[in-house]
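In this note's numbering, the protein residues as written are 9 to 996.
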């Protein structure tokens with residue numbers, strides 16, 4: 009309570025009493041060289057005043073005689089000095105060796121950044137809390153060169169779509185996450201961002217090879233917080249905001265829709281002015297929905313004990329009703345030195361989340377007729393053509409709950425001075441429950457539920473890893489060796505059980521259980537899976553005299569997901585580095601003060617396929633009648649694809665050439681990389697010939713395809729201060745060229761793979777040699793038939809008439825058919841980028857982060873799919889209504905030839921968005937000391953405030969799913985949101 013009272017009284021200390029002044033002067037120099045240091049920042053602690061040293065290292069100030077000064081300069085340790093009435097204070101600054109020798113976390117260890125030979129990007133904790141979202145990865149958008157992060161859905165609790173250096177495979181392209189050494193199956197949306205200390209993104213083959221079969225798509229290492237010796241503090245952070253839809257889709261109003269229908273069927277609506285005009289988006293989407301997060305943590309360290317403990321809460325109510333998300337987190341990291349040669353510890357994370365699953369109304373509300381009212385005169389739900397979204401929400405009751413615990417227990421033994429043996433048991437356990445209840449209701453013949461229904465599902469997963477590693481770290485003469493060798497074993501088990509019944513005895517939530525339904529109308533299912541992985545690993549880093557660097561990595565994996573013929577595979581890698589700026593011949597005081605070249609080559613693997621693809625599977629439910637008494641006998645038979653016992657790993661060979669540099673006394677830092685990665689033996693389903701005896705349209709999985717990704721990535725950062733004014737700028741980006749090199753033609757496969765199913769019988773993506781994966785395939789629109797003469801002049805389909813699209817005769821044979829469908833766009837961006845800036849003055853800091861991408865497209869499936877007469881998006885208002893009225897949009901029609909796959913539905917998905925802008929005020933230290941606080945700040949933040957794009961959907965940030973073959977098709981997604989928030993951070 010005293011702490012709270014002190015915090016409230018903080019505002020009363022802003023006006024401080026005047027003090028006696030003193031004229032202070034002095035010189036700042038290097039403690040080793042004794043040379044003067046120009047540009048040193050000198051701040052009067054607790055005030056906004058200060059100065060900088062001149063070219064000779066001199067300074068002068070008029071300050072209070074009891075003031076305290078802070079001397080800081082890049083590459084040197086900061087010093088704080090009490091004036092104590094003195095008039096002359098000369099300062100000698102010492103180089104900050106820890107800052108110069110930044111340590112970067114790598115797989116199974118850590119290494120000095122100066123000795124690093126791989127391409128690794130590191131992001132610190134302060135950057136991980138800049139987005140009020142459940143998934144910490146949203147904070148990485150636009151922050152790391154080579155990393156594409158898309159906020160593909162605004163649904164509370166949704167995880168980001170993350171891809172590294174392009175699309176690596178036809179299958180699952182998800183990166184691998186490792187949290188405190190625990191390998192995660194899936195994303196990290198369960199983590200509290202405030203618990204994260206740093207995130208390292210491993211990009212090249214050398215840095216990823218230590219993870220072998222799981223490293224091909226990229227590896228992201230997450231390290232959570234701990235304490236430094238002598239540290240002890242309690243922290244509280246909070247953020248509260250409100251969210252609203254960021255962008256609505258333009259659809260036809262009631263009168264516009266009626267006029268469109270009249271163009272198709274004249275005279276349908278004669279008195280348009282009396283028709284309802286319903287905006288379903290306004291009725292469904294909720295404004296100013298709360299988003300809030302709170303974290304209370306404590307950490308401390310003595311000579312023997314180190315601990316960090318926290319509790320967190322995150323809540324987001326969602327702009328669509330019944331889409332709430334709530335998460336509680338618990339974190340405990342601790343280590344204890346039992347003996348000088350033995351340390352034990354644990355890293356534990358606990359999660360309890362509860363969410364309501366929103367009804368699938370996003371598509372409905374942009375297609376429901378705007379000339380239908382939502383309610384009848386008696387306030388019951390009205391029949392709406394295309395379905396009544398409000399009724400769908402009212403009768404939907406679906407929820408999910410999950411309990412999850414993950415972490416590790418470890419022991420570290422130190423012996424023979426330079427050796428360390430570490431044994432660790434890691435686990436990831438989760439239990440989930442889903443429940444869905446739908447009451448009996450009637451809105452319309454096509455929107456009703458004749459009997460109430462309940463479905464309940466339970467799932468669990470158990471993942472354990474046992475790791476044993478031996479490390480050797482030695483510095484002698486001019487050499488440094490850092491080596492690790494290890495053995496790991498992992499097993500993943502999962503099981504689910506689902507049940508459903510109908511005709512429940514009541515609708516009260518206390519009856520939403522299977523036993524409340526009729527037994528004769530029940531369904532059930534049960535299944536599970538197991539996979540295992542065993543590995544040996546090795547890595548050694550060698551540095552000579554800080555100049556010449558080498559890394560060798562090797563891992564051998566054996567996986568149960570592959571057949572016995574190809575169960576094991578090797579993944580080697582090597583890298584070299586040269587710190588040329590440490591050479592004797594390198595010029596002193598050169599504008600480029602640090603310069604390093606590096607190169608790497610290696611192999612990584614991908615095992616992200618179903619564990620049972622090696623087997624031909626048997627399915628039940630094949631029942632028939634046998635015997636004289638006509639008894640129904642349960643049977644089983646072969647179902648699905650034939651197994652392939654010769655399946656083997658997808659293997660990615662990648663080389664990387666990079667340069668790192670610091671300029672202007674490390675004010676400007678940068679990295680530039682060229683990468684080229686080729687993935688071979690990509691697993692793909694191919695059609696079987698008839699003589700195989702598997703039946704019609706049956707496919708079998710083979711290692712058949714090859715894909716190449718190449719490009720350039722860069723990152724530049726500038727940090728400087730001018731007196732009391734500090735500022736920083738950063739920009740990063742990467743290019744990507746994706747090309748299919750082989751699809752298994754040598755084993756009799758077809759020349760292309762067709763995908764991108766719209767659900768209406770049309771498929772709009774092709775994958776073939778020489779093109780990017782899953783490119784959009786269809787007709788090119790050359791215009792609109794304006795009259796009968798043009799109809800006779802151009803090749804056309806038999807159904808086309810005046811006012812329809814003119815499709816281009818691509819092959820020039822004078823006929824229009826499927827042979828004229830061609831490349832009409834790619835969903836893979838050519839360039840992904842981000843930039844940021846921050847400025848600070850007298851305790852106030854303003855920072856902004858931008859993210860964007862260019863050169864990619866989205867197929868707008870919402871516009872192309874027409875199952876019946878539904879509302880239209882507003883682009884159809886510019887339709888052709890007579891000769892010369894439009895040469896870009898066709899006549900009014902409800903379905904048919906103008907909805908063939910074509911570039912009319914392919915839209916530019918390039919975008920630039922202001923991801924976050926934050927204004928932070930650091931409360932002066934002099935005021936905090938009076939209430940025994942060590943740090944306090946308040947901030948205001950805007951998230952997703954502006955998006956500049958030509959895409960007409962809710963968001964251009966739509967990523968590919970678990971298969972790249974389907975491209976990116978917008979069939980309707982939960983809209984992204986704009987958030988305005990504020991918060992408080994306090995440490996004492």
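Positions of the beta carbon are idealized from the N, C-alpha and C atoms, including for glycine. Note that the coordinates shown come from a computational prediction; the quantities given were computed from them, not determined experimentally.
Taking 3 residues as the shortest admissible run, the segment 247–302 contains no complete beta strand (DSSP E) segment at all. Annotation: residue 540 to residue 694 spans about 27 Å, alpha carbon to alpha carbon. For residue 370, the enclosing alpha helix (DSSP H) starts and ends at 370–375. Listed in chain order, the beta strand (DSSP E) runs fully inside the segment 853–929 are 865–867 and 914–916, counting runs of at least 3 residues. DSSP, read as helix, strand or coil, puts residue 580 in strand.
With respect to the 8 Å criterion, residue 58 and residue 731 are classified as neighbours on the basis of their beta carbons. By the Cβ neighbour-count rule, residue 49 is buried, with 16 or more other Cβ atoms within 10 Å of its own. In the DSSP assignment, residue 216 falls within the unbroken alpha helix (DSSP H) covering 213–216.
Within the segment 667–752, the beta strand (DSSP E) runs of at least 3 residues that lie entirely inside it are, in chain order, 676–695, 707–730, 733–743 and 745–751. Listed in chain order, the non-local C-beta contacts of residue 463 below 6 Å within the same chain comprise 444 and 508, local neighbours out to five positions each way being set aside. The DSSP-derived three-state label of residue 661 is strand. Bounds of the beta strand (DSSP E) holding residue 228 are 227–232. Taking the Cβ atoms as the reference, residue 857 lies roughly 6 Å from residue 150, within the contact range of under 8 Å. Residue environment for residue 656: buried (at least 16 other C-beta atoms within 10 angstroms of its C-beta). With contacts defined by Cβ atoms closer than 8 Å, residue 314 and residue 234 form a contacting pair. Using a Cβ-Cβ distance cut-off of 8 Å, the segment 484–492 and the segment 535–552 are in contact, since at least three pairs of beta carbons, one from each stretch, lie closer than that value. The Cβ neighbour count for residue 337, taken over all protein chains shown within 10 Å, is at least 16; the residue is labelled buried.
Listed in chain order, the non-local C-beta contacts of residue 453 below 6 Å within the same chain number zero, local neighbours out to five positions each way being set aside.
By the beta-carbon neighbour count (other beta carbons within 10 angstroms, threshold 16), residue 681 is buried.
One thing to note: residue 229 has its Cβ within 8 Å of the Cβ of residue 208. If you ignore the 5 residues before and after residue 70, its C-beta comes within less than 6 Å of the C-beta of 29 and 31, all in its own chain and listed in chain order.
Annotation: residue 351 to residue 331 spans about 45 Å, alpha carbon to alpha carbon. With distances taken between CA atoms, residue 612 lies nearest to 218 out of 498, 437, 373 and 218. Shown here for residue 872: same chain residues with a beta carbon closer than 6 Å to its own, the five before and five after excluded, namely 907 and 913 in chain order.
Residue pairing from DSSP places residue 96 in a beta bridge opposite 33. In this structure, residue 475 sits away from residue 530, with a CB-CB distance that is not shorter than 8 Å.
Here residue 436 is bridged, per DSSP, to 414 and 471. Within its own chain, the residues whose Cβ lies closer than 6 Å to the Cβ of residue 975, once the five positions on either side in sequence are excluded, are 764, 773, 782 and 835, listed in chain order.
Residue 359 carries a strand assignment under DSSP once its states are collapsed to helix, strand and coil. As computed with DSSP, residue 848 is found in a beta bridge with 734 and 853. Going by DSSP, residue 400 is part of the alpha helix (DSSP H) stretching over 397–402.
Ranked by Cα distance from residue 236, the options 341, 542 and 255 are led by 341.
Residue state for residue 123 is assigned as helix, using DSSP reduced to three classes. When rounded, the separation of the alpha-carbon atoms in residue 880 and residue 380 is 14 Å. Distances from the alpha-carbon of residue 134 to those of 126, 144, 125 and 128 put 144 closest.
Distances from the CA of residue 103 to each of 75, 132, 61 and 42 were compared; the closest alpha carbon is that of 42.
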